[in-house]
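Line by line, the protein sequences are chains A and B. Heads up, the first sequence is in my numbering, so the first residue is 1 and it goes up one at a time. Heads up, the second sequence is in my numbering, so the first residue is 1001 and it goes up one at a time.
Number of protein chains: 2
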Amino acid sequence: MVTERGLEVLRAIVQDYVATHEPVGSRSIVERHAFGVSAATIRNDMAQLEDEELIVAPHTSSGRVPTDKGYRVFVNHLAQLRPLSAPQRTAIESFLAAPSDLDDLMARTVRVLTQLTGQVALAQYPSFARAAVTHVELVALAPTRILVVLVTDAGGVSQRISPLPMEVDDADVAVLRAQLAALITGRAVSEAAERISAIAEPEPSGPVAHLHPAISALAAVIGEELAEFRQERLVMAGAATLARREHDFRGSIHPLLEAIEEQVTLLRLMSEMVTDEQGLATSIGTENAPFGLGEASIVASTYGSAGGSARVGVMGPTRMDYPSNLAAARAVARYLSRMLEEDEAAR
Amino acid sequence: MVTERGLEVLRAIVQDYVATHEPVGSRSIVERHAFGVSAATIRNDMAQLEDEELIVAPHTSSGRVPTDKGYRVFVNHLAQLRPLSAPQRTAIESFLAAPSDLDDLMARTVRVLTQLTGQVALAQYPSFARAAVTHVELVALAPTRILVVLVTDAGGVSQRISPLPMEVDDADVAVLRAQLAALITGRAVSEAAERISAIAEPEPSGPVAHLHPAISALAAVIGEELAEFRQERLVMAGAATLARREHDFRGSIHPLLEAIEEQVTLLRLMSEMVTDEQGLATSIGTENAPFGLGEASIVASTYGSAGGSARVGVMGPTRMDYPSNLAAARAVARYLSRMLEEDEAAR
DNA sequence: ATTGGCACTCTGGGGGCCGGAGTGCCAATC
DNA sequence: GATTGGCACTCCGGCCCCCAGAGTGCCAAT
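Dropping the structure here:
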């Protein structure tokens, strides 16, 4: 049972601890926060907070440090995001202006976010899973090699070279192109993938009669391309900033670097975070333990329109500045959404 | 003036120091290396080595540590690469078997190399600069949006979407395709880039008469794609292993992580290394200082055929095991070359 | 409920101490 | 002339001890 003032004390502890990186004592709280009560009173409140496991004392008779649970309460009830400063906003705007393509836009996004927060920045690519295939193009490179290009209405393009088990001429290519187009253009990526996989592995009873015999080889390759579309991707920046922070992670940034290299772990983590009503999500310390990141926190903001709900955010020590990082992630997410909408409008 | 035995002592010091990470004294040398002389004799040799600045004593009356110059002499004259063990060879072979495409092959290459050496592995992509453009394909996505696909004979494919300043129909696209094909197919990438840039920025006197008016927009995009082909690329793996090694880098792995994130620095470094007659190259400690990596060493092996001379290698602390790492890089480079040749033969 | 007072605890930095390892030098030896 | 054993000297690193400072918990008083 924590009192109103108790929560204010928690807020003060979180703020001071994040700022100073040192356990905060009752005396320093009354000095810096004008509570209008004495240190002894604060001590009583702190005892309650400790009962609730919102703070702990690293050693007997030492100041207090927020627990993961304490940070959680802080983020859920106490944190108020301050909007970014004008220079920060213009920095985002100029950084994100006139990207040359999606890759470029995403790369700039994470760069500006790591610059704003000083943390490792992460961004999921917009999802192409719900996109529809608009074009299938075949280019004959050699009698037994065909380049397969796929385009989706979400702006995703993919290309891959397929070897063929037989020689084909221009007429064959035209037939193949028409048959593939009939099969998947206009279809959602996931649906296209199903239809493709049906012919990629010809039935034991032999390939479907009316289709070109070389089509299953192409289908296999197209299946890979479609799988790539469905696969989530991640961009990151700022890994180097971790080097200055190793002491924040119980002495080893190894798990963080591992996760950055792995990508797939972070992708799952990003995907599974729970978004609040503002599109913001946080995952704190031990909440990430199943992913081997029990010493780290992640904050993220959803961007994009109704269809895809991808995220941008940052990963850093549990003792990070949540309000600032959330505000930065949200601001960047908004600009990013806007850029994507503009691009969509142009299409 | 260093005697024959003096060099043997240097070798012993390098080996022991790399193995133990502790300054090595005269006594431990005679114990571990069967020189057949007394510690006092070794001390005399060590004094000479110190005069030549091949070793230093971190403190008065402490064991000796090789200097960068010492490592250089060791690598140039004393190191004998031991061939990899059979299991290591089969590991490479199975790791690199049946890659799905070039990206996949490169990714596997660095993964196996970091696995073999425990260091950060780096690999330059094979160079496409000398490749020739074999295909230009245009796909009309919308009246004012065209997908431009470029293919080279080295297996490089690139695609990009170009907005057009005017609406075009199928006939226009056919004209554009033919005109672009006439301009650059069969040309080397660098030559194609020149020809393209000539029409990308129309002369003040207006676009060249006989070309389609929309061609300059496409040329600009193709120029970007060609630039991408010419640009060197790098893949890396094993950055996480640095976390365990921070004490090897005067306490901060920050410059290394920075370089890994930057890529361009490492690319230049890799490109500028000097290859010996075996295709091996090393760059030790302060030799990398201009790149901000004065605490690190890089070893690399050239792979690929006559045309492109790209490199694979590893980056690690100055006190790395040069013979092993060189042997590993060389082995991986050989397998990689073989894979690429096979692919080329299939094309 | 809040407060001042008080006894108690624990950390972290500083200083001093000492063993161990290693050196440089020298005179003796092969 | 190279090599060697001996010896005095140096320095690091670990260890212990000590103490100031900061902070706590509790209690009796308000």
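All C-beta atoms, glycine included, are put in the ideal place defined by N, C-alpha and C. These numbers were taken from a predicted model, which means no experiment stands behind them.
Listed along chain A, the residues sitting closer than 8 Å to threonine 1134 of chain B by beta-carbon distance are Leu141. In chain order, Ala1281 place their CB closer than 7 Å to the CB of valine 1274 of chain B, counting only its own chain and leaving out the 5 sequence neighbours on each side.
Each of B/Ala1097, B/Gly1036, B/Thr1060 was checked against the Cα of methionine 1339 of chain B, and the nearest Cα belongs to B/Ala1097. Per the DSSP secondary-structure output, serine 1283 of chain B pairs in a beta bridge with B/Ile1298. For leucine 1257 of chain B, the residues of chain A that pass the 9 Å Cβ criterion are Ala239, Ala240, Thr241, Leu242, Ala243, Leu257, in the order they occur in the chain. Among the CB atoms of chain B, one or more fall inside 8 Å of the CB of histidine 254 of chain A. DSSP lists B/Ala1121, B/Val1299 as the bridge partner or partners of valine 1314 of chain B. Look at valine 65 of chain A: its C-beta is not under 8 Å from any C-beta on chain B.
In terms of beta-carbon proximity, arginine 1032 of chain B stays away from the interface with chain A, with every pair separated by 8 Å or more. The three-state reading of DSSP puts proline 1066 of chain B in strand, counting E and B together. Glycine 316 of chain A and tyrosine 71 of chain A have their C-alpha atoms roughly 14 Å apart. By the criterion of a C-beta distance shorter than 6 Å, valine 112 of chain A is surrounded in its chain by Ile92, Phe95, once the five residues flanking it on both sides are discounted. Contact holds between the region 149 to 163 of chain A and the region 1136 to 1145 of chain B, because three or more Cβ pairs, one in each stretch, are under 8 Å apart. Taking the Cα of aspartate 16 of chain A as reference, the smallest distance to any Cα among A/Thr117, A/Thr286, A/Val65 is reached at A/Val65.
The C-beta distance from glutamine 124 of chain A to glycine 238 of chain A rounds to 16 Å, too long to meet the 8 Å contact threshold.
DSSP places histidine 254 of chain A in the uninterrupted alpha helix (DSSP H) bounded by 254 to 262.
Linking leucine 256 of chain A to isoleucine 298 of chain A through their CA atoms gives a straight-line distance of about 11 Å. Secondary structure at threonine 1134 of chain B: strand, using DSSP grouped into helix, strand and coil. In this model, aspartate 103 of chain A and glycine 1063 of chain B are separated by some 52 Å (Cα to Cα). Contact check for leucine 49 of chain A and glutamine 88 of chain A: beta-carbon distance about 33 Å, past the 8 Å limit, so the pair fails to qualify. At least one C-beta of chain A is nearer than 8 Å to the C-beta of leucine 1147 of chain B.
For glutamate 137 of chain A, the closest C-alpha among the options B/Arg1130, B/Ala1129, B/Val1133, B/Ile1146 is that of B/Ile1146.
Under the 8 Å Cβ criterion, the region 1178 to 1192 of chain B counts as touching the region 1226 to 1235 of chain B, having at least three qualifying pairs. Setting aside the 5 residues that flank it on each side, alanine 1217 of chain B is surrounded in the same chain by Ser1162, Pro1163, Leu1164, Pro1165, each with a C-beta closer than 8 Å to its C-beta; the list follows chain order. Between the C-alpha atoms of valine 1133 of chain B and valine 1175 of chain B there is a straight-line separation of about 19 Å.
The bridge partners DSSP lists for threonine 1152 of chain B are B/Val1133. The residue from A/Ala121, A/Met46, A/Thr67, A/Asp68 with its alpha-carbon nearest to that of alanine 328 of chain A is A/Ala121.
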